[in-house]
Amino acid sequence: MARMNMIEAIRSTLAYQMSKDDDVLVFGEDVGYFGGVFRCTDGLQETFGLKRCFDTPISEGGIVGVAIGMAAAGLRPVVEIQFSDYIYPAYDQIASEAARLRYRSNSDFCAPLTIRTPVGGGIYGGETHSQSPEALFAHICGLKSVIPSNPYDAKGLLNTAIETNDPVMFFEPKRLYNGPFDGDPDKPALGWDSSEFGEVPDEEYRIPLGEARVLREGNAITVLAYGTMVWVAEAATREQGIDAEIIDLRSLIPLDIETIQQSVEKTGRCVIVHEATRTCGFGAELAAQVQERCFYSLEAPVARVCGWDTPYPHALEWNYFPGQKRVAEGLAKVLEAA
Amino acid sequence: MHDRRTILPIDEKPSSPELHIPEPLYRPGDKPDFSHIHVRRSDNLERPDVLVDSYETERHAGGLIRVMNMDGDASGPWMPDISADTLRQGLRSMLTVRLMDDRMFAMQRQGKLSFYLKSRGEEAISVAQALSVRKSDMVFPTYRQQGILVARNYPLKRMMCQCLSNAGDPALGRQMPTMYSSKEYGFFSISGNLGTQFIQAVGWAMASAYKNRDDLAMAYIGDGSTAEGDFHYALNFASTYRAPVILNIVNNQWAISSFQGIAGGQSKTFASRGLGYGLASLRVDGNDFLAVYAVTRWAAERARRGGGATVIEHYTYRAEGHSSSDDPSKYRPSEEANAWPYGDPIDRLKQHLIKLGEWSDEQHAELLEELSEMVRETYKEAEALGSIASGTGIDPKTMFEGVYEHMSPKLEEQAELSGVGSWRE
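Listed in order, the protein sequences are those of chains U and W. First residue of the first sequence? That's 109 in the numbering used here, and the numbers climb one at a time after it. First residue of the second sequence? That's 554 in the numbering used here, and the numbers climb one at a time after it.
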């Protein structure tokens, strides 16, 4: 058992996959010699050589485009898009090409590639280093979308993502790279050594895509969250002394709707929390599915606590970020409803 | 150097910063006149060593490599070493494509197909290129390279079934007509989103080099789609990683209704864009079967010997509408195709073979008859398997399959909801 932060968990998983399979190639902007702006690929070029881990031009569409060609040729590329805010030039390649290659060719060709990209705010990244675009990818059939909230899950999910024979979006909440974050920027930052989820077994393990984690069991209300907001929700419910059941989705597509349904049927109340903008966010899909399946168990309308429908502001970052206070208000509203 | 007028009419010298909206030479009602284009074969474009520095291809990128003149005589430094049998095979494939195109277009008009795209006038490009590389070289085509499948002896019936979207289509009618896919025949699944596959071909080629194979990739893009970012991604990555790929630009003058000047073709040749990326760049008469064959052999050898990518601009003319949904008489003179000075690729190869004493008008007529009969009969067999008019025979259940490697519970649920049945029984 080793203590790891999320960066180390991701890096060691990449190293394991590369050592196991020569067809796994890692590339992206600054990922080679330098090891990535968040250090997730540090040392991989030195260990595996230039041809296994290399720098690319600043060209997200090009990175994903060549990855599709490589994947179709039998390789298993794992590419990094430096910030998910930069991913839009690659959107055509992801949505029109990677996601549909298998279907349109009746599995004659497929694109087993993993696209890693940091998401979320909380680092004073302004509008171009803070976005959470997961809903734009969850909407695309043919893609899988994964988002770990801790080092343990990052390792298990990344192993599965790379070994999956379909394209997987692997969103990394950048505020969680070095430690859990409860939404309060004024507290000293905690490292992952403070959490049981920073304990990462040495042996390789896989977490199936589509299995949520019940982070904490409870009976009063169900909280659906993923990524950074898992820890904000956990802190908010703990501080408020609410008997909440917190579900960390871990994978948006496929979605573990069974676990969600069981929980909401038990609690009768549901709050959805995400950092992305509210309108047409993934919370809209969650709310729709919860009411489709659990309407007669619900004792209150489903509520969403999300980022505002504005670009991510720099100076007003913490006004935008759906912190503990907003989560607590959302919980209270749903708990107080008849 | 190239004759500027082969690209555009010489403009008056500008005197003020006026917004320039490019317009083609001729519009409906005009009498097309291309007499300013000199179609003489120029022998001053030597065939350089395949590992030459890219900048030494500057004249080739601005000029026009030709082997055949308009009478069917062939000579010059690019004269390829090619047997009469291969030439006859090329002629046969080109004729097959044209006859099939005509047949399928007619069937589209009868409502048997939803849509069709012909390649009339451009057959030499796909057929000559298919014959000049290996079947294990993966091509990333657009929808006007059906000639590659035909030249690689892909079953015609299967192509027709794809167009009919019937039970004989290996891809279960999931794509519009002409969007073929066959890994076995080295033919990548066609995307209707233009340009996207140019960069994917570079990735395929990088994978080939990574695996120490000497197979190459061959990509296609139209003059219009060179304006997409993917074009520049491809040239940049191909140059950066010295990928063994041939990057073909088929300049057929028209992107639906927009002439090539709208894609920036008025000031420089499309081939010359490759030079800026440090890629060998050749511009070839795309209606000259021998020249297309020769430059492709050159580029393939360069790639296989580690010299990296070559950009080839095939200078040609889209002799018919963009597709069955298009009416070119709305935006260009209907006589323009006939006035196009580079002639018809099939007629030109036929003349060349006759000059060689390897072909005759009688043999040509016989071949036409044989192929017409074959296309007609094959079409009958294909249509017997269904069409969008008579019922495609595609099991609706298959709509839900193949989105992912494994069926997802969500799709199972939706399939049941749609009434097509269940996988859970």
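Each residue gets a CB set at the ideal place from its N, CA and C atoms; glycine is no exception.
- Query: Would you report the Cα separation of Ser588 (chain W) and Ser820 (chain W), rounded to the nearest angstrom?
  - Reply: Residue mapping note: residue 588 (chain W) aligns to position 35 of the second sequence, counting from 1. Residue mapping note: residue 820 (chain W) aligns to position 267 of the second sequence, counting from 1. The straight-line gap from Cα to Cα measures roughly 20 angstroms.
- Query: Do you know offhand how far Gln916 (chain W)'s Cα is from Arg836 (chain W)'s?
  - Reply: Position 363 of the second sequence holds residue 916 (chain W). Position 283 of the second sequence holds residue 836 (chain W). Their Cα atoms are separated by approximately 33 angstroms.
- Task: Identify every residue that forms a DSSP beta bridge with Pro226 (chain U).
- Result: To locate residue 226 (chain U), count along the first sequence from 1; it is residue 118. Bridge partners of Pro226 (chain U): U:Glu280.
- Could you tell me which chain U residues have their CB closer than 9 angstroms to the CB of Gln698 (chain W), listed as they occur along the chain? Numbered from its first residue, the second sequence carries residue 698 (chain W) at position 145. Within 9 angstroms Cβ-Cβ: nothing; Gln698 (chain W) doesn't reach chain U, min ~16 angstroms.
- Query: Counting pairs of Cβ atoms below 8 angstroms between the stretch 899-910 of chain W and the stretch 704-721 of chain W, do you hit three or more?
  - Reply: no
- So, does the CB of Thr945 (chain W) fall closer than 7 angstroms to a CB anywhere in chain U? As a working note, residue 945 (chain W) is residue 392 in the second sequence. Answer no: the Cβ-Cβ gap between Thr945 (chain W) and chain U never drops below 7 angstroms.
- Span of the alpha helix (DSSP H) around Ile176 (chain U): Counting from 1 along the first sequence, the entry for residue 176 (chain U) is found at position 68. Element bounds for Ile176 (chain U): Glu168 to Ala180.
- Straight-line CA distance for Glu922 (chain W) to Glu954 (chain W)? For the purposes of this step, residue 922 (chain W) is identified with residue 369 of the second sequence, where counting begins at 1. For the purposes of this step, residue 954 (chain W) is identified with residue 401 of the second sequence, where counting begins at 1. Straight-line Cα distance between these residues: approximately 42 angstroms.
- Query: Are there 16 or more other CB atoms within 10 angstroms of the CB of Cys388 (chain U), so buried, or fewer, so exposed?
  - Reply: Here residue 388 (chain U) refers to the residue found at position 280 when the first sequence is read from its first residue. Its Cβ having fewer than 16 others within 10 Å, Cys388 (chain U) is exposed.
- Which bits of chain U does Glu676 (chain W) rub up against, with CB to CB less than 9 angstroms? To locate residue 676 (chain W), count along the second sequence from 1; it is residue 123. Near Glu676 (chain W) there are no residues of chain U at all, since even the closest Cβ is about 25 angstroms away, more than 9 angstroms.
- Task: Could you tell me whether the Cβ of Phe217 (chain U) comes closer than 7 angstroms to any Cβ of chain W?
- Result: The sequence position of residue 217 (chain U) within the first sequence is 109, counting from 1. It does: the Cβ of Phe217 (chain U) has a partner Cβ on chain W nearer than 7 angstroms.
- Task: Counting only the same chain and skipping the five closest in sequence on each side, list residues whose C-beta sits under 6 angstroms from that of Arg434 (chain U).
- Result: Reading the first sequence from its first residue, position 326 is the one you call residue 434 (chain U). Only Val413 meet the Cβ criterion.
- Query: How is Tyr196 (chain U) classed by DSSP in three states: helix, strand or coil?
  - Reply: One-based indexing of the first sequence puts residue 196 (chain U) at position 88. Helix.
- Residues near Ala816 (chain W) in its chain [Cβ-Cβ closer than 6 angstroms; skip 5 each side]: Here the question's residue 816 (chain W) lines up with position 263 in the second sequence. Within the same chain, Ala816 (chain W) has close Cβ partners Asp776, Gly777, Thr779 and Ala780.
- Helix, strand or coil for Tyr868 (chain W), going by three-state DSSP, please let me know. Reading the second sequence from its first residue, position 315 is the one you call residue 868 (chain W). If DSSP states are grouped into helix, strand and coil, Tyr868 (chain W) belongs with the strands.
- What does a CB cutoff of less than 8 angstroms around Met554 (chain W) pick up in its chain, not counting 5 residues either side in sequence? Mapped onto the second sequence, residue 554 (chain W) falls at position 1. Confidence at Met554 (chain W) is low in this model, with a pLDDT of 36, below 50, so its placement is unreliable and the value that follows should be read with caution. Correct list, in chain order: Arg612, Gly615 and Gly616.
- Task: For Thr330 (chain U), write down the residues that DSSP places opposite it in a beta bridge.
- Result: Counting from one through the first sequence, the residue named residue 330 (chain U) turns up at place 222. U:Glu353 and U:Cys378.
- Please confirm whether Ala847 (chain W) and Trp631 (chain W) have their CB atoms less than 7 angstroms apart. For the purposes of this step, residue 847 (chain W) is identified with residue 294 of the second sequence, where counting begins at 1. For the purposes of this step, residue 631 (chain W) is identified with residue 78 of the second sequence, where counting begins at 1. Yes, the pair counts as a contact, with Cβ atoms nearer than the cut-off.
- Would you call the CB atoms of Ser628 (chain W) and Arg850 (chain W) closer than 7 angstroms? Locating residue 628 (chain W) in the second sequence gives position 75, where the first residue counts as 1. Locating residue 850 (chain W) in the second sequence gives position 297, where the first residue counts as 1. It is not a contact, given that the beta carbons lie outside the stated cut-off.
- Query: Can you list the alpha helix (DSSP H) stretches of 4 or more residues lying completely in the stretch 575-622 of chain W, in chain order?
  - Reply: 611-615
- Quick one: grab the DSSP three-state call for Arg434 (chain U). For the purposes of this step, residue 434 (chain U) is taken as the residue at position 326 of the first sequence. If DSSP states are grouped into helix, strand and coil, Arg434 (chain U) belongs with the helices.
- Query: Between Lys369 (chain U) and Arg401 (chain U), is the Cβ-Cβ spacing less than 7 angstroms?
  - Reply: Residue mapping note: residue 369 (chain U) aligns to position 261 of the first sequence, counting from 1. Residue mapping note: residue 401 (chain U) aligns to position 293 of the first sequence, counting from 1. In the sequence under discussion, the amino acid at residue 369 (chain U) is Gln, which differs from the Lys named in the question. For Gln369 (chain U) and Arg401 (chain U), yes; Cβs fall inside 7 angstroms.
- For Asp624 (chain W), which residues in chain U fall below 8 angstroms Cβ to Cβ? Numbered from 1 along the second sequence, position 71 holds the residue referred to as residue 624 (chain W). By Cβ distance, chain U contributes nothing, its closest Cβ being about 42 angstroms from Asp624 (chain W), past 8 angstroms.
- Item | Short Cβ contact (7 angstroms threshold) for Val379 (chain U) with Val331 (chain U) | The sequence position of residue 379 (chain U) within the first sequence is 271, counting from 1. The sequence position of residue 331 (chain U) within the first sequence is 223, counting from 1. Cβ atoms of Val379 (chain U) and Val331 (chain U): closer than 7 angstroms.
- Message: Using only CA atoms, which one of W:Gly972, W:Arg687, W:His959 and W:Ser672 lies nearest to Ile799 (chain W)?
- Response: Counting from one through the second sequence, the residue named residue 799 (chain W) turns up at place 246. It is W:Arg687 whose Cα lies nearest to the Cα of Ile799 (chain W).
- Query: Which residues mark the beginning and the end of the beta strand (DSSP E) in which Arg836 (chain W) is found?
  - Reply: Here residue 836 (chain W) refers to the residue found at position 283 of the second sequence. From DSSP, the beta strand (DSSP E) with Arg836 (chain W) extends over Ala833 to Asp838.
- Task: Classify Glu775 (chain W) as helix, strand or coil using the three-state DSSP reduction.
- Result: As a working note, residue 775 (chain W) is residue 222 in the second sequence. Note that residue 775 (chain W) is Gly in the sequence shown here, rather than Glu. Correct three-state label for Gly775 (chain W): strand.
- Message: To be precise: take each residue of the stretch 158-178 of chain U, compare its Cβ to all Cβ atoms of chain W, and keep it if any distance is under 7 angstroms. Which residues remain?
- Response: Lys159, Pro165, Ser167, Gly169, Gly170, Gly173, Val174, Ala175, Ile176, Gly177 and Met178
- Query: Are Phe751 (chain W) and Ile774 (chain W) closer than 7 angstroms when you measure CB to CB?
  - Reply: Within the second sequence, residue 751 (chain W) is the residue found at index 198, counting from 1. Within the second sequence, residue 774 (chain W) is the residue found at index 221, counting from 1. Yes, the pair counts as a contact, with Cβ atoms nearer than the cut-off.
- CB of Thr649 (chain W) within 7 angstroms of CB of Leu924 (chain W), strictly: Here the question's residue 649 (chain W) lines up with position 96 in the second sequence. Here the question's residue 924 (chain W) lines up with position 371 in the second sequence. Yes, the Cβ-Cβ distance between Thr649 (chain W) and Leu924 (chain W) is below 7 angstroms.
- Count the other CB atoms, across all protein chains shown, that sit within 10 Å of the CB of His875 (chain W); report buried if there are 16 or more and exposed otherwise. Position 322 of the second sequence, counting from 1, holds the residue named residue 875 (chain W). Burial call: buried.
- Message: Using a Cβ-Cβ distance cut-off of 7 angstroms, determine whether Leu183 (chain U) contacts chain W.
- Response: Numbered from its first residue, the first sequence carries residue 183 (chain U) at position 75. Chain W, which has a Cβ nearer than 7 angstroms to the Cβ of Leu183 (chain U), makes this yes.
- Query: Are Gln201 (chain U) and Val172 (chain U) close, meaning C-beta to C-beta below 7 angstroms?
  - Reply: Position 93 of the first sequence, counted from the first residue, corresponds to residue 201 (chain U). Position 64 of the first sequence, counted from the first residue, corresponds to residue 172 (chain U). The answer is yes: Cβ separation under 7 angstroms.
- Message: So for Phe842 (chain W), helix, strand or coil by DSSP?
- Response: Here residue 842 (chain W) corresponds to residue number 289 of the second sequence, with the count starting at 1. It is helical.
- Express the C-alpha separation of Lys584 (chain W) and Leu561 (chain W) in angstroms, rounding to a whole number. On the second sequence, residue 561 (chain W) is found 8 positions in, with the first residue counted as 1. On the second sequence, residue 584 (chain W) is found 31 positions in, with the first residue counted as 1. With a pLDDT of only 48 at Leu561 (chain W), under 50, the local geometry of the prediction cannot be trusted, and the value read off the model is given with reservation. If you take the alpha carbons of Leu561 (chain W) and Lys584 (chain W), they lie about 17 angstroms apart.
- Coil, strand or helix - Cys161 (chain U) by DSSP: Numbered from 1 along the first sequence, position 53 holds the residue referred to as residue 161 (chain U). Strand, per DSSP.
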